[in-house]
Amino acid sequence: MRQLRDLLQEAQQNGVAIGHFNISDLVLLKAVFAAARELNVPVLVGLSEGEREFVGTRQIAAFVRSLREEFDYPIFLNADHTHSLAKGIEAAKAGFDSIVFDLSALPIEENIRQTKQAVEALKAIHPAMLVEGEIGDIGSGSEIHDSAPDLTKGLSSPEEAKQFVESTGVDILAPAVGNMHGMLRSMVKGETKKHLEIERIKSIKQAASVFLTLHGGSGTDDADLRKAIGAGINIVHINTELRVAWRRGLEQGLAKQPEEVVPYKILPFAVNSVREVVGSRLKLFNGRQMAQGA
Ligand SMILES: [Zn+2]
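Our numbering applies: residue -18 is where the sequence shown begins, and numbers increase by one.
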């Protein structure tokens, strides 16, 4: 079985990106896995500290590993937004394939110092685990926001990116390039889209020459995502779009069967609703032809 690093290398060579989808229950995991298998593309599922707390760190690791083994399928597991070394060690011991060690809220010197320590400590436990570091400000919370925060001061520069990568030894970098966690109400309605700073991505890639992740991909303009991948983005995170689809599917399942109490008759509506979103994002990230009108 190929490792995540090999697949990232391959994606980079092919000018495509690996989709990263956050999950916090079995419905979301089933939907992501089904969508990836339909397209036969590798996929990353991620859980933040809060999502891991709900599902169980060791339990989700066992579940994803069982899918990988039974179906001989390249599905990988990421410990998303981890803010302490203790939580990172927990994920490393559970066998997560990668981790986002996120101290981007700290001043850059402190971020560098603690991220370097974390890279060393985590790789001592789990040498194959890829460690991602984060710089700049892209807001917090994959939720629906009423107004957009001003993130212009938190944009990443190529110099800062290069210094951070060289000083910490991270395998992957998450820069701030116009992206934002969560979605505005107008984005959920499809009235507005996020836009990315493509030139900034290009110069960061050139300066840091490392794998790059785009966080907060939900609600981003399709053409911008395509260009960002062309400019050097290797992983794209989608969370809020899935959460919106999960809720809509669940509501539909309950509304269509008002008397039903059997979970496996209600929940497939949520699985299908999420699967459609994941499938359409995976097609875009993997350069597949989109269906007309999709
Ligand atoms: Zn994120």
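All C-beta atoms in this analysis are idealised placements derived from N, C-alpha and C, irrespective of residue type, glycine included.
These figures come from a predicted structure and were not determined experimentally.
Counting only runs of 3+ residues fully inside the segment 106 to 176, write out the beta strand (DSSP E) ranges in chain order.
Counting only unbroken stretches of 3 or more residues, the beta strand (DSSP E) elements lying wholly within the segment 106 to 176 are 111 to 115, 153 to 155, in sequence order.
Whole angstroms are fine: how far does the CA of G150 sit from the CA of L248?
On the sequence shown, residue 248 is found 267 positions in, with the first residue counted as 1. On the sequence shown, residue 150 is found 169 positions in, with the first residue counted as 1. In this structure, the alpha-carbon of L248 lies about 43 Å from that of G150.
Are A155 and V100 close, meaning C-beta to C-beta below 8 Å?
If you number the sequence shown from 1, residue 155 lands on position 174. If you number the sequence shown from 1, residue 100 lands on position 119. No, these two residues do not count as a Cβ contact at 8 Å.
Answer yes if the segment 236 to 256 comes into contact with the segment 206 to 217, meaning at least three C-beta pairs across the two stretches below 8 Å, and no otherwise.
No contact exists between the segment 206 to 217 and the segment 236 to 256.
So what does DSSP say about N3, is it helix, strand or coil?
As a first step, residue 3 is located in the sequence shown; it is residue number 22 there, counting from the start. Under the three-state reduction of DSSP, N3 is assigned to strand.
Please return the same chain residues whose Cβ sits closer than 6 Å to the Cβ of A60, not counting the five positions on each side in sequence.
If you number the sequence shown from 1, residue 60 lands on position 79. So the list reads A72, F77, I80, once near-sequence residues are dropped.
Sequence-distant residues of the same chain with beta carbon closer than 7 Å to Q(-6), five excluded per side:
Position 13 of the sequence shown, counting from 1, holds the residue named residue -6. Shown here for Q(-6): not one same chain residue has a beta carbon closer than 7 Å to its own, the five before and five after excluded.
Residues in its own chain within less than 8 Å of A17 by CB, not counting five upstream and five downstream?
Stepping through the sequence shown from its first residue, residue 17 is reached at position 36. G0, P23, V24, Y54, I56, V259, L263.
Alpha carbon to alpha carbon, how far is E140 from N253? Give it in angstroms, no decimals.
Numbered from its first residue, the sequence shown carries residue 253 at position 272. Numbered from its first residue, the sequence shown carries residue 140 at position 159. When rounded, the distance between both Cα atoms is 44 Å.
Does DSSP put A72 in a helix, in a strand, or in coil?
Against the sequence shown, residue 72 aligns to sequence position 91. In this structure, A72 counts as helix in the three-state DSSP scheme.
Is the beta carbon of V255 closer than 8 Å to that of V8?
As a working mapping, residue 8 is identified with position 27 in the sequence shown. As a working mapping, residue 255 is identified with position 274 in the sequence shown. Yes, they are a contact pair.
Using only the alpha-carbon positions, how far apart do A129 and L165 sit?
Residue numbering aside, residue 129 sits at position 148 when the sequence shown is read from its first letter. Residue numbering aside, residue 165 sits at position 184 when the sequence shown is read from its first letter. Straight through space, the alpha carbons of L165 and A129 are spaced by roughly 7 Å.
Contacts around E32, its chain only, beta-carbon distance under 8 Å, and the 5 residues preceding and following it disregarded:
Along the sequence shown, read from residue 1 onward, the residue named residue 32 stands at position 51. Once the five neighbours on either side are set aside, the close Cβ partners of E32 are N3, I4, S5, D61.
Inspect the beta-carbon positions of N215 and L193 and report whether they are closer than 8 Å.
By one-based count along the sequence shown, residue 215 stands at place 234. By one-based count along the sequence shown, residue 193 stands at place 212. Yes; because the gap between Cβ atoms is below 8 Å, this pair is in contact.
Find the nearest neighbour of S284 within the set G(-4), E113, K68, judged by alpha-carbon distance.
The displayed coordinates of the chain run from -18 to 275. Any statement about residue 284 would go beyond what the structure contains.
Could you give the distance in angstroms between the alpha-carbon of F52 and the alpha-carbon of M(-18)?
Against the sequence shown, residue 52 aligns to sequence position 71. Against the sequence shown, residue -18 aligns to sequence position 1. In this structure, the CA atom of F52 is about 11 Å from the CA atom of M(-18).
If we call anything under 8 Å between Cβ atoms a contact, is Q(-10) one with A109?
Along the sequence shown, one-based indexing puts residue -10 at 9. Along the sequence shown, one-based indexing puts residue 109 at 128. No, the Cβ-Cβ distance between Q(-10) and A109 is not below 8 Å.
Grab me the residues of V13's own chain with a C-beta within less than 7 Å of its C-beta, minus the 5 sequence neighbours each way, in chain order.
Here residue 13 is taken as the residue at index 32 of the sequence shown, counted from 1. So the list reads F2, I4, V24, V26, V259, once near-sequence residues are dropped.
For I70 and L87, the rounded distance between their alpha carbons
Counting from 1 along the sequence shown, the entry for residue 87 is found at position 106. Counting from 1 along the sequence shown, the entry for residue 70 is found at position 89. Between the alpha carbons of L87 and I70 lies a distance of about 20 Å.
Work out the CA separation of G213 and Q187 for me, nearest whole Å.
Your numbering for residue 187 matches position 206 in the sequence shown. Your numbering for residue 213 matches position 232 in the sequence shown. Taking the straight line from one Cα to the other gives about 9 Å.
Per DSSP, which residues does A60 bridge with? Please list them.
On the sequence shown, residue 60 is found 79 positions in, with the first residue counted as 1. In DSSP, A60 forms a bridge with L28, I80.
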